[in-house]
Amino acid sequence: MKVVTFAQGNSMPRPGVLESKKVYDITEYGFRSTLELIEGDADALKAIRGATSSNASYALDEIHLLAPIQRPPRIFAVGLNYQEHAAESKMTVHVVPTVFMKLSSSVTGPDTEVILPKNSAQPDYEAELAVVIGKPGYRIAARDWEKHVFGYTIVNDVSARDVQLATSQWTLGKSFPTFTPLGPAVVTRDEIADPHALDIQLAIDGEVLQNSNTKNLIFRIPQLIEHISSLTPLEAGDIISTGTPQGVGLGRTPQRWLRDNEEIVITIAGLGKLRNRTRAEA
């Protein structure tokens, strides 16, 4: 099931299910947002399984998709989680995952603009597979990881490298407005047989710059969930963005930064395409 948030004209955002190029409204089931649906986890999904047969539906050209989770409780991002990306960044992989935060105020949806801030000369792109937590938990064992996953989505971990790397703290350089494109949907875990076997690709104006597979993750999802939850309880709606493969602008020769009016398209097998266009801040 593909869970989305959508709006029609100037209407308030609503949760829906995307199927066969149509979006089905699920508000009549009592869910005011996708976060409420995620908090209900398996029972909530069971309640809406028949939504596509009877609910009001809209063609994609009648609505616009928003970030599937408008304000995630927290966004845990993982750095240096592909060996070749760590090498191109000239950084050492630690014995535990490198985890930092992206502020939820940086979230934007598909087909929106990524604003390149005027106080950064080095905006960069990062295609990432993201895990959406369903069942909350503290000190979750790696073997139990799937019980706590609601689904998966795509994240572009946009980064202002000059701000990010000015200090050892990465959060602010990763959290400018629109620096976390998210979507287009949260695909429930039952639709993804193995999240560690997904092709992941990023292209800018048709040029492929990142091309890998999630089998190359250093710390896999069970390890990430176990590690993060050993330190802080995970909440429903939390996002864990699992890291980016090689090919980012920072690691290229010459370095390749995002420019005004470029189309970024991230494709992950089974999750669809996340498409955004850049705009330089005036």
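Residue 59 in the UniProt record's numbering sits at position 59 of the sequence shown, with consecutive numbering throughout.
Ideal Cβ positions, reconstructed from N, Cα and C, are used throughout, including at glycine.
Could you check the C-alpha separation between residue 152 and residue 189 for me, to the nearest Å? Working through the sequence shown from its first residue, we reach residue 152 at position 152. Working through the sequence shown from its first residue, we reach residue 189 at position 189. When rounded, the distance between both Cα atoms is 7 Å.
Under 8 Å Cβ to Cβ from residue 136, same chain only, skipping five residues before and after it: list those, please. Numbered from 1 along the sequence shown, position 136 holds the residue referred to as residue 136. Only 148, 233, 234, 235 and 236 meet the Cβ criterion.
Label residue 215 either buried or exposed according to how many other C-beta atoms from any shown protein chain fall within 10 Å of its C-beta, with 16 as the threshold for buried. The count along the sequence shown starts at 1 and reaches residue 215 at position 215. So residue 215 ends up on the exposed side.
Assign residue 152 to one of three DSSP states: helix, strand, or coil. Walking along the sequence shown from the start, residue 152 turns up at place 152. Correct three-state label for residue 152: strand.
C-alpha gap between residue 209 and residue 247, whole angstroms: Within the sequence shown, the letter at position 209 stands for residue 209. Within the sequence shown, the letter at position 247 stands for residue 247. If I take the Cα positions, the gap works out to 6 Å.
Go ahead and pull the three-state DSSP assignment for residue 64. If you number the sequence shown from 1, residue 64 lands on position 64. Residue 64 falls in the strand class under three-state DSSP.
Could you work out which residue in 118, 174 and 222 is closest to residue 132 when comparing CA atoms only? As a working mapping, residue 132 is identified with position 132 in the sequence shown. Closest option to residue 132, Cα to Cα, is 222.
With respect to the beta strand (DSSP E) encompassing residue 287, which residues constitute its N-terminal and C-terminal limits? The chain is shown from 1 up to 282; residue 287 falls before or after that span and cannot be answered.
Straight-line gap, residue 91 to residue 124 (C-alpha atoms, nearest Å): Here residue 91 corresponds to residue number 91 of the sequence shown, with the count starting at 1. Here residue 124 corresponds to residue number 124 of the sequence shown, with the count starting at 1. Using only the alpha carbons, I get a separation of about 17 Å.
Limits of the beta strand (DSSP E) - the one that residue 270 falls within: Walking along the sequence shown from the start, residue 270 turns up at place 270. Counting along the chain, residue 270 falls outside any beta strand (DSSP E), and DSSP gives it neither H nor E.
Give the secondary structure of residue 27 by DSSP, where H, G and I count as helix, E and B as strand, and everything else as coil. Numbered from its first residue, the sequence shown carries residue 27 at position 27. It is helical.
Residue 72 in three-state terms, based on DSSP: Locating residue 72 in the sequence shown gives position 72, where the first residue counts as 1. Residue 72 falls in the coil class under three-state DSSP.
Assuming residue 14 is part of the beta strand (DSSP E), what are its boundary residues? In the sequence shown, the residue the question calls residue 14 occupies position 14. Residue 14 -> beta strand (DSSP E) spans 14 to 19.
Ordered list of beta strand (DSSP E) runs contained in the segment 126 to 214, each at least 3 residues: 127 to 133, 149 to 156, 180 to 188, 199 to 204 and 207 to 213
Residue range of the beta strand (DSSP E) that includes residue 34: The count along the sequence shown starts at 1 and reaches residue 34 at position 34. Careful: residue 34 lies outside any beta strand (DSSP E), inside the alpha helix (DSSP H) at 34 to 47.
On the DSSP bridge list, what partners appear for residue 57? Translated into positions along the sequence shown, residue 57 becomes position 57. Residue 57 pairs with 24.
Consult DSSP for residue 258 and reduce its assignment to one of helix, strand or coil. Sequence index remark: in the sequence shown, residue 258 carries index 258 (1-based). In this structure, residue 258 counts as coil in the three-state DSSP scheme.
On the CB-based measure, 16 or more other CB atoms within 10 Å of its CB, does residue 231 come out buried or exposed? Reading the sequence shown from its first residue, position 231 is the one you call residue 231. So residue 231 counts as exposed.
At a cut of 8 Å, does the segment 192 to 202 reach the segment 67 to 75 through at least three beta carbon pairs? no
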